[in-house]
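Beneath this line is the structure, given in structure tokens, with notes to follow.
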Amino acid sequence: MSRSGLSRAADQLLAAALIGVAGCTTVPTRQSVADRTPARVPAPAARPELARSVAGAGKSVLNRSPSAAIVRKPQGSAESADHIRLVRSDEDSPVASVIPAEDVTPPSPGSAADLDSDPAVHADYTFSLSEVLSLADSQNPNVALARERINEAYARVERAEVMWLPSLRAGLNYNHHEGAIQDVAGKVFKTSRSAFYGGMGANGYGAASPTVPGLVAQFHLTDAIFQPKIAGHQASSRQFGATAARNDILRDAAVAYLELVRAEHGVAIAREARDHTLKLATLTREYAQTGQGLRADERRMEAEVAARQDQLVTRQETVRVASARLAQLLHADPSALITSGEPFVLPLDVLTADETPAEFVATGLSRRPELAEQKHLVCEAVERLRREKFAPLVPSVLLGMSYGGMGGGLGSSIVNTSDRWDADAVAFWEVRNLGFGERAARNESSSAVRQAQMRELALLDRVAREVTESHTQVTQRQQRIEIAKRGIEAAEQSYTLNQDRIQNGQGLPIEVLQAIQALATARRNYLDAVVDYNVAQFELCRAIGWFVEA
Numbered sequence: 001m002s003r004s005g006l007s008r009a010a011d012q013l014l015a016a017a018l019i020g021v022a023g024c025t026t027v028p029t030r031q032s033v034a035d036r037t038p039a040r041v042p043a044p045a046a047r048p049e050l051a052r053s054v055a056g057a058g059k060s061v062l063n064r065s066p067s068a069a070i071v072r073k074p075q076g077s078a079e080s081a082d083h084i085r086l087v088r089s090d091e092d093s094p095v096a097s098v099i100p101a102e103d104v105t106p107p108s109p110g111s112a113a114d115l116d117s118d119p120a121v122h123a124d125y126t127f128s129l130s131e132v133l134s135l136a137d138s139q140n141p142n143v144a145l146a147r148e149r150i151n152e153a154y155a156r157v158e159r160a161e162v163m164w165l166p167s168l169r170a171g172l173n174y175n176h177h178e179g180a181i182q183d184v185a186g187k188v189f190k191t192s193r194s195a196f197y198g199g200m201g202a203n204g205y206g207a208a209s210p211t212v213p214g215l216v217a218q219f220h221l222t223d224a225i226f227q228p229k230i231a232g233h234q235a236s237s238r239q240f241g242a243t244a245a246r247n248d249i250l251r252d253a254a255v256a257y258l259e260l261v262r263a264e265h266g267v268a269i270a271r272e273a274r275d276h277t278l279k280l281a282t283l284t285r286e287y288a289q290t291g292q293g294l295r296a297d298e299r300r301m302e303a304e305v306a307a308r309q310d311q312l313v314t315r316q317e318t319v320r321v322a323s324a325r326l327a328q329l330l331h332a333d334p335s336a337l338i339t340s341g342e343p344f345v346l347p348l349d350v351l352t353a354d355e356t357p358a359e360f361v362a363t364g365l366s367r368r369p370e371l372a373e374q375k376h377l378v379c380e381a382v383e384r385l386r387r388e389k390f391a392p393l394v395p396s397v398l399l400g401m402s403y404g405g406m407g408g409g410l411g412s413s414i415v416n417t418s419d420r421w422d423a424d425a426v427a428f429w430e431v432r433n434l435g436f437g438e439r440a441a442r443n444e445s446s447s448a449v450r451q452a453q454m455r456e457l458a459l460l461d462r463v464a465r466e467v468t469e470s471h472t473q474v475t476q477r478q479q480r481i482e483i484a485k486r487g488i489e490a491a492e493q494s495y496t497l498n499q500d501r502i503q504n505g506q507g508l509p510i511e512v513l514q515a516i517q518a519l520a521t522a523r524r525n526y527l528d529a530v531v532d533y534n535v536a537q538f539e540l541c542r543a544i545g546w547f548v549e550a
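Residue numbering for the sequence shown follows the numbering used here, starting at 1 and increasing by one per position.
In structure tokens, the structure reads:
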């Protein structure tokens with residue numbers, strides 16, 4: 001997409017946003033609290049029925065909201081060139097590997113059997129991608145927090161809408177006076193008196209109305225007019241913010257799951273390379289003992305075996321670290337080992353990238369919840385500015401009514417008790433700080449509007465960049481997969497030819513070492529290419545607001 005085209009798309013959306021700002025009067029559709037509050041789902045430790053193994057290729061990985069039936073594995077047999085077979089360290093312990101189907105060789109533990117403790121064998125839970133997304137959506141505390149903030153915002157809407165309604169008060173008071181007092185004529189004299197009041201309101205004595213009215217409404221009319229709109233836009237922004245938080249968590253959960261798959265298959269690659277190196281070390285040692293090889297080559301192979309064993313331990317550590325990170329997103333016990341159980345590493349068919357980057361950018365600009373959230377924040381700032389503009393022209397209101405019984409007398413006696421009813425209606429206008437305060441308040445609100453609009457512009461640029469970046473990663477990483485396939489084919493042929501040459505007595509065993517290293521590197525490149533491609537797919541989904549429910 002050209003820069004001019006991108007600028008036009010951004011300018012069009014900005015124009016639409018500014019038009020919306022000019023008419024920010026729509027109050028958001030309200031939901032019941034029950035509809036907005038997510039149901040609490042037990043942690044995985046309380047849901048053993050979710051633990052299962054993935055059935056293999058050719059079935060839908062996602063089967064329910066929030067991303068129903070859009071991630072699919074390619075159809076075909078396990079012998080397909082696009083498929084990756086399963087390597088087993090024993091009959092009961094499957095280890096996911098990126099070894100192509102035509103080169104499945106049961107590894108020989110040899111002298112490193114102590115390093116063959118596969119984390120998948122001791123897994124507490126095995127989750128599919130669909131289950132991970134479902135658990136993240138229902139159990140992640142950040143998603144729950146974002147949804148709960150919606151409830152708080154709508155409570156503020158409710159409070160703003162009833163601002164003009166009066167409050168009820170009831171109470172009583174006792175007043176006693178001793179000494180000098182002044183009458184209405186200005187004469188000062190000494191007296192002793194008492195007064196009692198009880199009923200709707202409190203602190204009522206003498207001729208004035210009770211200072212605490214029984215039925216009271218005190219508010220600024222501008223607040224009664226504008227606060228419901230301000231609170232409404234706050235609530236709408238919270239709704240879209242919760243959707244954005246949910247999208248981020250779903251993306252994070254998908255990426256964490258894919259990183260777990262990468263780690264598990266990395267263990268299999270490291271184990272295969274270790275086993276090949278062990279066999280080669282044994283052969284090199286036999287050549288050295290018979291004088292056909294060098295002792296230096298034997299020691300070199302011992303060092304290589306140690307390096308491969310270290311890589312295997314490191315990969316096994318990565319599996320447990322990836323499991324703990326995924327458990328955090330699922331609000332699960334991080335000490336419980338989670339595995340994917342994926343026997344194949346395959347490019348996921350999340351969405352197609354056939355459209356141009358400009359079309360994806362247009363989709364992202366129209367669907368990203370962050371943009372809708374920011375638009376409502378702009379509208380909120382506009383309503384606050386309107387409130388400040390009308391504030392000096394609209395009065396504050398005080399309405400009060402009290403009814404109760406009052407009595408009093410000289411000294412401490414309470415006599416002459418009778419009913420008392422008072423009503424007050426007050427309206428007053430205020431110009432804060434001789435007008436300077438009004439100007440400062442309007443300037444502050446105007447600046448808040450401009451800041452919100454600038455944040456919206458920055459967000460437009462960020463969304464366009466994220467969509468373009470993710471689209472580029474999807475297309476480029478798809479090419480990496482094809483290149484990595486060819487690399488595996490060449491590395492396998494090199495390894496086979498070198499083995500045949502050594503078996504025919506045409507060289508030394510150590511000459512196969514480079515082929516083993518190249519094969520392990522090629523397998524890791526393929527694994528990284530596929531996982532990185534799948535990660536880019538979910539990044540693109542999040543960038544265009546794909547997780548937003550219709």
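Ideal placement from N, C-alpha and C gives every residue a C-beta, glycine not left out. All values reported here derive from a predicted model rather than from experimental measurement.
For A224, same chain residues with a beta-carbon under 6 Å away, outside a window of 5 residues either side, are M163, W164 in chain order. Of R193, G199, L215, N173, the smallest CA-CA separation from L399 is found for L215. Here the C-alpha atom of A452 lies approximately 23 Å from the C-alpha atom of R147. Inter-segment contact for the stretch 301 to 308 and the stretch 491 to 498 is absent: fewer than three beta-carbon pairs are separated by less than 8 Å. Closest in C-alpha terms to S167, from the list S447, A155, G198, M401, comes M401. In this chain, R251 is not harboured by any beta strand (DSSP E); it is covered by the alpha helix (DSSP H) spanning 221 to 289. The C-alpha of P369 lies about 55 Å from the C-alpha of G404.
Per DSSP, the continuous alpha helix (DSSP H) segment holding S366 begins and ends at 357 to 367. Note on geometry: alpha-carbon atoms of L326 and Q479 lie some 28 Å from one another.
A straight-line Cα-Cα distance of about 40 Å links L280 and Q537. By the Cβ test, the stretch 405 to 416 is in contact with the stretch 197 to 210, since at least three Cβ pairs between them sit closer than 8 Å. With a 10 Å radius around the Cβ and a threshold of 16 neighbouring Cβ atoms, W546 comes out buried. Judged by pairs of C-beta atoms under 8 Å, the stretch 514 to 530 touches the stretch 269 to 288, as three or more such pairs exist. For the beta strand (DSSP E) assignment, the uninterrupted runs of no fewer than 3 residues enclosed by the stretch 145 to 223 are, from N- to C-terminal side, 170 to 182, 188 to 202, 215 to 220. Membership of N140 in any alpha helix (DSSP H) is not indicated, and neither H nor E is assigned to it by DSSP. Under the three-state reduction of DSSP, L346 is assigned to coil, being neither helix nor strand. In this structure, E383 places its C-beta atom within 9 Å of the C-beta atom of F226. Shortest Cα-Cα distance from S138 to any of L329, Y174, F344 involves L329.
Here Q503 is exposed: its Cβ has fewer than 16 other Cβ atoms, across all protein chains shown, within 10 Å. CA-CA distance, D333 to A324, rounds to 8 Å.
Excluding its 5 nearest sequence neighbours in each direction, D297 has C-beta neighbours in its own chain below 8 Å: T284, Y287, A288, L508, P509, I510, listed in chain order. Between the stretch 423 to 439 and the stretch 356 to 373, the count of C-beta pairs closer than 8 Å stays below three; the two stretches do not touch. Excluding five sequence positions before and after A484, the CB atoms of its chain that fall closer than 6 Å to its own CB belong to N525, Y526, A529, given in chain order.
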